[in-house]
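J.: Residue numbers (my numbering), protein chains in the order written: chain A, 154 to 404; chain B, 135 to 355.
We put the beta carbon where it would ideally sit given N, CA and C, even for glycine.
All of these numbers come straight from a predicted model, not from anything done at the bench.
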Amino acid sequence: MRATILAAALLALLSGTAPAEELTLSVAISMKEATEEIGRHFTRSRPGVTLHYNLGSSGELQKQIEAGAPVDVFISAAPRQMDELQQKGLIVPETRRVFARNVLVVVRPLDSSVDLSKPADLLDPRIRRIVIGNPRSVPVGQYSEESLRTLGLWERLQPKLVLAENVRQALDYVSRGEVDAGFVYTTDAAVRTTRVKQAFRPGEDTYRPIVYPAAVVKDSRRPALARAFVDLLVAPEGRTVLARLGFQPLP
Amino acid sequence: MTPDNLSALALSIRVALVATLLNAAIGIPLAYVLARRRFRGRGFVDLLVTLPLVLPPTVTGYYLIVLLGRRGWLGGPIYGLTGWSITFTWYAAVVAATIMALPLLVRTARAAIESVDRDFEKAAFTLGRSEWRTALEVTLPLARNGILAGLVLAFARALGEFGATLMLAGNIPGRTTTVPLAIYTSVQTGETGEALVLVAMLTALSCVVLVAAARLGARAA
């Protein structure tokens with residue numbers, strides 16, 4: 154059986170009958186699991202299509218596209234990075250879709266015993282280090298800064314802040330116990346429940362709504378296929394996956 | 135230059151200087167022992183010191199986290215006792231730079247010490263000098279240029295350390311952001327102009343250092 158499959162695969166490779174259609178998706182790392190799962194739906198109905206995931210912070214992915222990286226779809230964790238690409242004419246505006254919403258949460262290591270149930274508890278001297286995404290390039294850091302500013306805690310917490318290059322690194326610092334608290338998305342906290350726990354959610358009125366836009370990149374060599382992927386994100390299949398992984402329904 | 139870049143430059147020089155001093159304190163005795171003594175585990179010590187030269191810096195950084203992190207083999211007990219942890223402090227940058235630079239000093243200094251004619255040492259022994267004083271008064275002075283070249287290389291390596299530093303010290307502007315990390319962030323955020331100044335400075339400094347090392351090396355030979 155295996156030999157037959159192998160022979161068939163080899164034959165396909167040699168004869169070149171299977172046209173290799175490839176899409177490269179630059180995905181904000183908080184969308185990793187969701188896009189991978191939606192990607193499996195996508196390829197199941199399209200034999201011969203291969204998806205490549207390029208994961209990072211939205212700011213980092215934006216800079217790569219500006220530098221001419223061969224990307225077909227950009228999935229950002231904030232409108233700002235998408236807006237900047239749109240102004241530079243690097244995405245196809247009519248393909249742009251907002252497809253998911255998320256919420257901030259403060260997490261802490263599972264074994265930590267400090268009472269951390271409201272924003273002011275972050276000032277507790279036993280909370281020595283707090284990780285947020287680097288606000289210069291990481292959306293979760295931009296939302297966290299906004300929330301802390303609204304709460305009047307931003308200046309006072311400065312000495313405790315440690316900056317991460319993306320939201321998963323922030324989560325990792327918390328799960329390794331290197332920091333006492335961290336700002337991530339609720340959906341990230343959910344992927345590492347064995348090592349971190351949710352402490353509290355900063356009020357959703359303290360920061361702008363966290364919405365995820367997706368769009369086809371201007372220089373995509375497979376714009377139709379890329380557009381089909383973006384459309385799947387807002388289709389019922391996409392919505393089901395997103396809801397199951399904890400993303401909020403769109404208003 | 136922006137204040138962040140200035141502080142990155144100041145921090146880089148401070149980290150590289152302290153790392154070079156630590157290298158001198160640890161690396162010169164180590165190079166001497168590896169060059170002149172035969173003992174059990176010598177091959178293992180040599181391997182351990184040289185590994186950071188060939189391992190990806192992120193792997194070295196990972197080992198440092200396992201060892202020194204808040205829950206590390208050494209870092210855990212320290213954190214338990216004092217509530218202090220080295221991660222995300224500038225000391226962490228010093229540790230990373232020291233470990234990464236050590237093989238360059240040890241290998242260069244060791245070769246210089248090995249090339250010292252043993253007859254001089256034997257003469258010193260005959261004249262009643264202990265091994266300790268012979269090393270200080272005969273061997274090391276004769277290997278001086280090679281050791282200095284090694285220190286210069288170690289300084290340059292410490293100045294340019296990136297991977298292990300990022301993992302152990304993080305990238306916190308004003309506290310642990312060294313020049314290589316500032317360049318990384320600037321390029322990441324599209325502030326290429328700022329990065330360019332730092333790139334030029336680091337390149338110039340590294341050229342000076344390499345020329346200095348080459349001159350010292352030529353005199354040693």
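(1) Spatial neighbours of L187(B) within its chain, please: C-beta separation below 6 Å, excluding the five flanking residues on both sides.
(2) What residues of chain B sit near V315(A), judged by a beta carbon separation below 8 Å?
(3) In chain order, what residues of the same chain have a beta carbon less than 7 Å from the beta carbon of V344(A), not counting five sequence neighbours either side?
(4) Would you mind working out which of W224(B), T273(B) and E271(B) sits nearest N305(B), comparing C-alpha positions?
(5) Sort P262(A), F195(A) and K271(A) by Cα distance to E306(A) and report the nearest one.
(6) Taking just the CA atoms, how far does S179(A) sit from A171(A)?
(7) Nearest-angstrom Cα distance between R174(B) and E189(A)?
(8) Would you check if the region 135-144 of chain B and the region 311-318 of chain B touch, i.e. whether three or more CB-CB distances between them fall below 8 Å?
(9) In three-state terms, what does DSSP make of A171(A)?
(10) Please state the DSSP three-state secondary structure of Y196(B).
(11) Run through DSSP, which three-state label would L339(B) get?
(12) Look at T192(B) and L185(B) and say whether their C-beta atoms are less than 9 Å apart.
(13) Quick one: does R299(B) have its CB under 9 Å from some CB of chain A?
(14) Would you list, in chain order, the members of the region 166-178 of chain B that have their beta-carbon closer than 7 Å to a beta-carbon of chain A?
(15) Let me see if you follow: with CB-CB separation under 9 Å, is V321(B) close to chain A or not?
(16) T248(A) and R380(A) look like a contact to me (Cβ under 8 Å); what is the Cβ gap, rounded to whole Å?
(17) If the cut is a Cβ gap below 8 Å, which residues of chain B does R282(A) touch?
(18) Give me the Cβ distance between R254(A) and F400(A), rounded to the nearest whole Å; I'm assuming they're in contact under 8 Å.
(19) The beta strand (DSSP E) with F227(A) in it runs from where to where?
(20) Please confirm if S141(B) has its CB atom under 9 Å from at least one CB of chain A.
(21) Between the region 145-157 of chain B and the region 269-277 of chain B, are three or more C-beta pairs nearer than 8 Å?
(22) Tell me, which residues are paired with Q401(A) by DSSP?
(23) State the DSSP-derived secondary structure class of T223(B), mapped to helix, strand or coil.
(24) Rounded to the nearest angstrom, what separates L285(B) and G221(A) at their Cα positions?
(25) If you draw a straight line from the C-alpha of M135(B) to the C-alpha of L261(B), how long is it?
(26) Does the separation of the CB atoms of S183(A) and P262(A) fall below 9 Å?
(27) State yes or no: is the beta carbon of A171(A) nearer than 9 Å to at least one beta carbon in chain B?
(28) Tell me which residues share the same chain as L314(A) and place their Cβ nearer than 7 Å to its Cβ, disregarding the 5 neighbours each side in the sequence.
T.: With the structure as the only source:
(1) Within the same chain, P237 come within 6 Å of L187(B) by CB-CB distance, once the 5 residues on both sides are set aside.
(2) F222, G304 and I306
(3) E186
(4) W224(B)
(5) A small correction: the amino acid at residue 306(A) is Leu; Glu does not occupy that position in the sequence shown. The candidate whose alpha carbon is nearest that of L306(A) is K271(A).
(6) Because A171(A) sits at a pLDDT of 48, beneath the cut-off of 50, its placement in the model cannot be relied upon, and the point is left open.
(7) 53 Å
(8) yes
(9) At A171(A) the pLDDT is 48, less than 50, meaning the model places this residue with poor confidence and gives no usable figure here.
(10) helix
(11) helix
(12) no
(13) In the sequence as presented, Arg is not what sits at residue 299(B); that position holds Thr. T299(B) has a beta carbon lying at 9 Å or more from every beta carbon in chain A.
(14) Result list empty, no residue passes.
(15) Nearest CB-CB separation between V321(B) and chain A: below the 9 Å threshold.
(16) 5 Å
(17) The contacting residues are F222.
(18) 6 Å
(19) If you look at F227(A), you'll find it in the beta strand (DSSP E) that goes V226 to I228.
(20) no
(21) no
(22) R254(A)
(23) coil
(24) 41 Å
(25) 59 Å
(26) no
(27) With a pLDDT of only 48 at A171(A), under 50, the local geometry of the prediction cannot be trusted, and the value read off the model is given with reservation. A171(A) does not count as touching chain B.
(28) I283 and I285
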